[in-house]
Structures are given as structure tokens and as C-alpha cells.
Ligand code: FE2
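In my numbering, the protein residues as written are 1184 to 1507.
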């Protein structure tokens, strides 16, 4: 019988990320480390449920998913292992990772206002808060509150101003909606280009994905719209992450940490903006041309753990506000 050194065992990554570029990244990791990577893709909630059901028998070594609130939920369910890595704590700013070191952000995304320049001028735009002003009546496009991106945006409003202010803000936005929430972030931009509303709340990378889409209609949509970063004179625009943690079930946490460390390497960090228009987490890594065109911006630096901590209140208050 041949005994393989343990580092040759494949790492299993449960991933909610659906980018071809991730596969290329893992290949590069395997080439440099000798550690094969096996990716299991599923919806975020499915992966979490699977991890819970499998417990210590889970084949997963790493959970890779979007939104800090989801990573926080995994940590709260005791599915993630606290890890010690100087490289991770040095390269990832503190607010983009779990203070208990069970999860780490590897890409940043900003949730911004996209507007149609024919119907909105730049000086009309200001903050998320300002979208609750009646001047926006019938003009705002945004997806459902069942979506975690909106829950996390609401959580950031709670963190910034408390429950009551966040509730009255959400009520204001609901009163100003161009239509009942429906569809994805991309659908909000499609509706915006068709004239169904004047502004949309979306994540920046979707603008990039549409601008570089194979579909000429989507390219035309993106070309017609402009990106605005809210709250620049205050706390900064709301950002979130794609991130990962090592599972408690992992039999090879040292190799799993190596993969996480690879994701903060210059190579990986440069790849994210180029491939998926997400922002790097490591300071000084080059952005894509498109991101440079959107411009520099100030981002909110609240600990993203707070998005998870406020998630339940956010959902409750959004429902109370009538945000479907
Ligand atoms: Fe997304």
C-alpha cells in the first residue's frame, strides 16, 4: 500500500461563488502548493444546511460564500474554526474579517446607487438616507428584502443610526419605490434603462458584469447608466465581502489555511478586480480599468460582523416597513 503524504489530499471547498475565474485561481494554487482543490458549488443556504447536517463528517474544508452576514451565521452555528495566520490578519483590514478569526473577506463589493443621467443629475444624489425623501417618489428600483444584500444594507443603517431611524428610512424608500420589489440587481438596472425608474440600488460588480456581458442588450443597459457612491461626506458607502473560513470538520486545517492565504496573495487579489469587478481587500492592489473609471470612494469601515449581528433586526424592520 502506498501512503500519500497528507498534503496531497484534496481540499474540498463548498463554494457559493460562481465565477469561472475562481477555478483558474484554484488551479494556480494547486500548481504552486501541490494541493488539489475539489469545489462543490451550491446555493448559499444549501451549503450552510449541508454543513450543519454533515457535522464533523462533512467533507468540506472551506466554506466560501458571499456576504458577511452569511459567514457570521456559519460562525454562530459553530461551523467554522478559529485560525491563526499572521498573513491573513496583516493583509486583510480588521473590519473585513471576523474578530474571532473564523472568517475572512477576500473581495469587497460596494452597494451603490446607479442612476440614469437623462433623468437624474449628479447634484441630486447624496446618501442612502436621502433616498427616503419624497422627492424620489415613484423613482427607486430595488430588489426584495428577502435578498441578503438588502438585509446587510439595512443592518448597516441600524449600525449607523439605530433601529428607529433605520425603520423610518426603510418606510421612506418603500414609499418611493417605482414598483414592488422584484428580480435581481441586474433586473433593476434593466428596468432603469427602460425608464421604469430613475435610480437603482445595486452592487458595483453587476455593473461591470453587464458592461462586459456577451449580451449586447445588457451592454447597452450598462452604457446608459452611471455609478454613484453614496455617503461620501459621511461614513462612506456600504460595502460587503466575499469571504471564507476553515470548517470545524476539516481534517487538514493547515492546508486549508494555505488556500486562504493564497487568496490574499498579490496574484489572487489582482485577479478578482480583473475577473469579477470586485475590489481587492489588500491595500495597494491594482483595480480594473472599469473600477478606476468609477473612481475612488470612501467606504464604510464598520466591522462587517455587525451586519450579521443586526441581520434578524434588519429582516424584522424591513418587513415592518412593508419592503417585500
Ligand atoms: Fe451577487
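Don't be surprised by glycine CBs; every beta carbon is placed ideally from N, CA and C.
From a predicted model like this one, the values you see are computed outputs, not experimental measurements.
For residue i, the residue or residues it bridges with in DSSP
i            : result
residue 1249 : 1425
residue 1224 : 1198
residue 1324 : 1383
residue 1290 : 1425, 1463
residue 1229 : Beta-bridge pairing links residue 1229 to no other residue.
residue 1280 : 1287
residue 1296 : 1384, 1411
residue 1430 : 1263
residue 1360 : 1323
residue 1482 : 1420
Residue i vs residue j beta-carbon contact at 9 Å
i            : j            : result
residue 1426 : residue 1481 : no
residue 1197 : residue 1236 : no
residue 1395 : residue 1460 : yes
residue 1353 : residue 1470 : no
residue 1359 : residue 1316 : yes
residue 1364 : residue 1404 : no
residue 1464 : residue 1447 : yes
residue 1335 : residue 1423 : yes
residue 1493 : residue 1338 : yes
residue 1384 : residue 1333 : yes
residue 1246 : residue 1262 : yes
residue 1458 : residue 1203 : yes
residue 1285 : residue 1244 : no
residue 1410 : residue 1303 : no
residue 1486 : residue 1341 : no
residue 1375 : residue 1297 : yes
residue 1491 : residue 1277 : no
residue 1474 : residue 1462 : yes
residue 1248 : residue 1271 : no
residue 1366 : residue 1373 : yes
residue 1361 : residue 1331 : no
Option nearest residue i by Cα separation, candidates the options
i            : options                : result
residue 1477 : 1225, 1304, 1349, 1293 : 1293
residue 1413 : 1206, 1505, 1479       : 1479
residue 1258 : 1432, 1450, 1444       : 1432
residue 1368 : 1359, 1348, 1447, 1392 : 1392
residue 1213 : 1245, 1442, 1256       : 1442
residue 1227 : 1251, 1265, 1356, 1347 : 1251
residue 1416 : 1347, 1321, 1313       : 1313
residue 1266 : 1370, 1218, 1366, 1438 : 1438
residue 1275 : 1318, 1468, 1246, 1248 : 1468
residue 1295 : 1217, 1202, 1371       : 1371
residue 1209 : 1475, 1498, 1455, 1484 : 1455
residue 1268 : 1398, 1445, 1256       : 1445
residue 1193 : 1453, 1307, 1434       : 1434
residue 1290 : 1322, 1344, 1264, 1387 : 1387
residue 1321 : 1466, 1484, 1355       : 1355
residue 1488 : 1254, 1373, 1345, 1234 : 1254
residue 1570 : 1449, 1502, 1483, 1504 : Only positions 1184 to 1507 of the chain appear in the structure, and residue 1570 is not among them; the question remains open.
residue 1503 : 1421, 1349, 1361, 1406 : 1349
residue 1500 : 1346, 1200, 1389       : 1346
Heavy atom of ligand 1 within 8 Å of residue i beta-carbon
i            : result
residue 1386 : yes
residue 1241 : no
residue 1249 : yes
residue 1368 : yes
residue 1389 : yes
Distance cut-off 8 Å: residue i Cβ against heavy atoms of ligand 2
i            : result
residue 1332 : What this structure holds is ligand 1, not ligand 2.
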